[in-house]
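To start, the structure under review is shown below, and the notes come after it.
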Amino acid sequence: MTGSLVISVHDYRSRRKASVHFITAELAKRGETRFFSVGLSRLSEHRGDTRADLAPRANRVETVDGVECFLWRAAWHPFNIRRPALAPVEESMFWLYRRMIPRIPRQWLCDADTIFIESGMAPVFIEDARRLNPTARIVYLASDDLDVIGCAETIKRRFRANFDSIDAIRLPSRLLRDGLPHDRTSFYIPQGIDRTIAERSYPNPYGNRRSCVSMGSMLFDASFFTIAAAEFPDIDFHIIGAGKAADGLSAPNIIIHQEMPFQQTLPFVQHAAFGVAPYLDRDTPRYLLDTSLKLRQFGLFGIPAICPDFAMGDQPGRYGYRPGDPASIRQAIDDALAHSDPIRPQMLGWNEVVDRIITPEAYADTRL
Numbered sequence: 001m002t003g004s005l006v007i008s009v010h011d012y013r014s015r016r017k018a019s020v021h022f023i024t025a026e027l028a029k030r031g032e033t034r035f036f037s038v039g040l041s042r043l044s045e046h047r048g049d050t051r052a053d054l055a056p057r058a059n060r061v062e063t064v065d066g067v068e069c070f071l072w073r074a075a076w077h078p079f080n081i082r083r084p085a086l087a088p089v090e091e092s093m094f095w096l097y098r099r100m101i102p103r104i105p106r107q108w109l110c111d112a113d114t115i116f117i118e119s120g121m122a123p124v125f126i127e128d129a130r131r132l133n134p135t136a137r138i139v140y141l142a143s144d145d146l147d148v149i150g151c152a153e154t155i156k157r158r159f160r161a162n163f164d165s166i167d168a169i170r171l172p173s174r175l176l177r178d179g180l181p182h183d184r185t186s187f188y189i190p191q192g193i194d195r196t197i198a199e200r201s202y203p204n205p206y207g208n209r210r211s212c213v214s215m216g217s218m219l220f221d222a223s224f225f226t227i228a229a230a231e232f233p234d235i236d237f238h239i240i241g242a243g244k245a246a247d248g249l250s251a252p253n254i255i256i257h258q259e260m261p262f263q264q265t266l267p268f269v270q271h272a273a274f275g276v277a278p279y280l281d282r283d284t285p286r287y288l289l290d291t292s293l294k295l296r297q298f299g300l301f302g303i304p305a306i307c308p309d310f311a312m313g314d315q316p317g318r319y320g321y322r323p324g325d326p327a328s329i330r331q332a333i334d335d336a337l338a339h340s341d342p343i344r345p346q347m348l349g350w351n352e353v354v355d356r357i358i359t360p361e362a363y364a365d366t367r368l
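Sequential numbering from 1 applies to the sequence shown in the UniProt record's numbering.
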């Protein structure tokens with residue numbers, strides 16, 4: 001048996017980092033760790049898969065920072081058909097895809113002591129993990145609600161059918177328990193942060209202009225910047241890695257950056273007057289209050305954060321606005337610029353998060 005195996009629609013080598021990357025990096029410090037990335041295909045690349053740049057490195061093992069990586073790239077992958085009448089077709093697509101698992105990750109499934117399966121497409125493999133490795137510990141990383149992120153009905157059915165094969169479920173927000181069949185094996189373990197990144201000094205990328213920064217494309221509301229840039233022409237609004245969601249933004253004080261490696265974003269955060277988490281208000285899940293890494297990163301660097309009212313929570317240094325409302329956006333920015341109190345949120349380090357994922361029963365603060 002060999003250490004840990006992580007299964008996800010992310011790839012460990014991706015420039016954009018999510019919680020699963022930091023969890024995996026910590027696991028690699030503790031033993032042999034492997035990362036199996038699923039769902040990449042010519043179809044997903046055509047639709048803008050963020051792993052497309054890794055396609056030349058797919059279907060072979062590559063070790064990065066002590067993690068053995070395998071990105072499965074196929075000619076096609078199953079997807080959400082969204083038509084109940086075609087449910088049998090969708091089910092058949094997933095059935096066939098599961099039987100196409102390449103030889104190397106199939107062996108990894110057999111070898112692992114602990115298999116970490118992240119929400120997304122990966123839950124469809126719970127049944128295979130248990131069949132191929134009956135003694136492995138299976139941990140479900142509930143990064144998102146399967147309904148919220150639009151997973152295929154087949155994935156949700158297979159997740160429910162094999163739910164009791166899971167040994168432990170990590171919830172970064174208590175609000176995610178509502179999307180589970182039951183919570184008897186669930187534990188609350190919030191997102192972590194790498195505190196060391198804020199202990200370094202980075203060069204100022206902004207020059208003499210007062211600037212703010214937004215990172216990522218999830219639920220990106222471009223209208224915030226259209227309004228804010230017009231209201232504050234003396235502030236530069238830097239947008240990193242929003243992709244197509246930022247198309248059409250063209251004000252002179254809006255600066256669009258392509259996606260960049262995580263480490264390259266840190267100077268933009270450290271020297272920003274404030275950070276922006278511009279979430280769309282489309283029945284946006286309230287668990288984002290707990291799981292937003294960008295909001296945590298702003299807090300770690302001690303800069304105020306601007307976000308919609310529904311994402312404020314009770315963390316210090318956050319200023320809310322009503323999406324689409326110029327007056328509230330103007331007020332939030334004014335308040336952020338006037339903020340002077342130290343921002344020192346209480347957050348776990350990723351090592352403390354992984355301690356709790358591995359032995360959740362040992363920590364009183366994991367109880368729901």
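All C-beta atoms in this analysis are idealised placements derived from N, C-alpha and C, irrespective of residue type, glycine included.
Does DSSP classify residue i as helix, strand or coil?
i, result
"H238", "strand"
"P342", "coil"
"T33", "strand"
"G299", "helix"
"V148", "coil"
"E231", "helix"
"H182", "coil"
"W76", "coil"
"Y97", "helix"
"L280", "coil"
"S292", "coil"
"T24", "helix"
"L368", "coil"
"S92", "helix"
"T265", "helix"
"V38", "strand"
"L176", "helix"
"L348", "strand"
Using the beta-carbon count (16 or more within 10 Å), is residue i buried or exposed?
i, result
"G299", "buried"
"E361", "exposed"
"L96", "exposed"
"G31", "exposed"
"R318", "buried"
"I306", "buried"
"W76", "exposed"
"P233", "exposed"
"S92", "exposed"
"T135", "exposed"
"Q258", "exposed"
"Y246", "Note that residue 246 is Ala in the sequence shown here, rather than Tyr. A246 comes out buried."
"Q297", "buried"
"N208", "exposed"
"T24", "buried"
"K29", "exposed"
"S340", "exposed"
"L86", "exposed"
"K311", "The question names Lys, but residue 311 in the sequence shown is Ala. Classification for A311: buried."
"K244", "exposed"
"I149", "exposed"
"residue 455", "With the chain represented from 1 up to 368, any question about residue 455 goes unanswered, as that position is not in the structure."
"E26", "buried"
"E199", "exposed"
"S250", "exposed"
"A364", "exposed"
Thinking residue i and residue j are a contact (beta carbons under 8 Å), I'd like their distance in whole angstroms, please.
i, j, result
"I166", "Y140", "5 Å"
"L219", "Y279", "5 Å"
"T185", "A161", "Contact doesn't hold; Cβ gap of about 16 Å is too wide."
"D113", "R130", "No, D113 and R130 are not in contact; Cβ-Cβ is about 14 Å, not under 8 Å."
"D236", "S214", "12 Å between Cβ atoms; not a contact."
"L109", "I115", "7 Å"
"P345", "P304", "Rounded, the Cβ-Cβ distance is 12 Å, inconsistent with contact."
"L43", "R13", "Actually they do not touch by this definition, with Cβ atoms about 21 Å apart."
"F36", "P78", "Wrong, their Cβ atoms sit about 16 Å apart, outside the cutoff."
"A242", "S223", "In fact, because the Cβ distance is near 13 Å, the residues do not count as touching under 8 Å."
"L146", "S173", "So it is not a contact: roughly 14 Å between Cβ atoms."
"I329", "I240", "In fact, because the Cβ distance is near 20 Å, the residues do not count as touching under 8 Å."
"I193", "G349", "7 Å"
"D334", "G320", "13 Å between Cβ atoms; not a contact."
"S19", "Q191", "6 Å"
"T366", "Y188", "6 Å"
"R34", "L5", "5 Å"
Have a look at the DSSP bridge pairing and note the partners of residue i.
i, result
"S211", "D236"
"Y321", "P308"
"I197", "DSSP lists no partner for I197."
"T114", "S4, R137"
"A168", "V139"
"H257", "I240"
"F274", "C212"
"T63", "E68"
"L43", "Answer by DSSP bridge pairing: none, since L43 is not bridged."
"F187", "R170"
Please report whether the beta-carbon of residue i lies at a distance below 7 Å from any beta-carbon of chain B.
i, result
"R30", "Absence of chain B from the displayed structure is noted, only one protein chain being present."
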